[in-house]
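Heads up: the sequence shown at position 133 corresponds to 352 in my numbering, and the numbers run straight through without jumps. Every residue, glycine too, gets a C-beta built ideally from N, C-alpha and C. Notes follow the structure.
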Amino acid sequence: MAFYKVINWAFAVLGFCVMALFLFKLEQAFSATPTAEAAQQALQNFQISIWCGWLLITGPAIYFRWKAGNHILFIIDYLIAVTAFIIFGVYVNRGAELELWSLGDSFRGNVTFLVIRNILLICGMTAFIHAAIWWFSKRWHRR
């Protein structure tokens, strides 16, 4: 395996580890006697870590797709993003069940809406980048 491939995989693993670390901290915040402030801070940190991890995984995915035509990191990126936001929704719902906060009765205040909106946003951005790389790696679009 070439050195540049090792570096790219290292960035992708680092992105996953960032998310896993903040998921662990989120679980710690909820496993102890949670306060609303600590739980909200842990949720915000986890959501930020999802986006930072997405950046760290998408960079190598772009490189592998451009240089080798390999889609594996994009597939991993989609799976990790969807799974991470589902876990995020579970913890938001868990905080509401513990009466740390109220979500409201409207659809926009619903956890499902929050999760679907975030999943569509991150998957849409990933799909746009994926399609752009496919488009610009072909020569026929330049005619």
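Residue i - DSSP class collapsed to helix/strand/coil
i           : result
residue 318 : coil
residue 329 : coil
residue 250 : helix
residue 187 : Residue coverage of the chain in this structure runs from 220 to 362, which leaves residue 187 outside it and unanswerable.
residue 290 : coil
residue 357 : coil
Residue i and residue j closer than 8 Å at C-beta
i           : j           : result
residue 265 : residue 298 : no
residue 277 : residue 348 : yes
residue 273 : residue 300 : yes
residue 262 : residue 245 : yes
residue 271 : residue 232 : no
residue 308 : residue 333 : yes
residue 282 : residue 227 : yes
Span separating the alpha-carbon of residue i from that of residue j
i           : j           : result
residue 287 : residue 234 : 21 Å
residue 346 : residue 257 : 34 Å
residue 295 : residue 321 : 34 Å
residue 355 : residue 329 : 39 Å
residue 224 : residue 313 : 40 Å
residue 335 : residue 311 : 13 Å
residue 289 : residue 315 : 42 Å
residue 279 : residue 293 : 9 Å
query = How about the segment 247–257 and the segment 289–306: do they share at least three Cβ pairs that are nearer than 8 Å?
reply = no
- Message: In chain order, what are the residue ranges of uninterrupted alpha helix (DSSP H) at least 4 long that sit wholly in the segment 253–288?
- Response: 255–287
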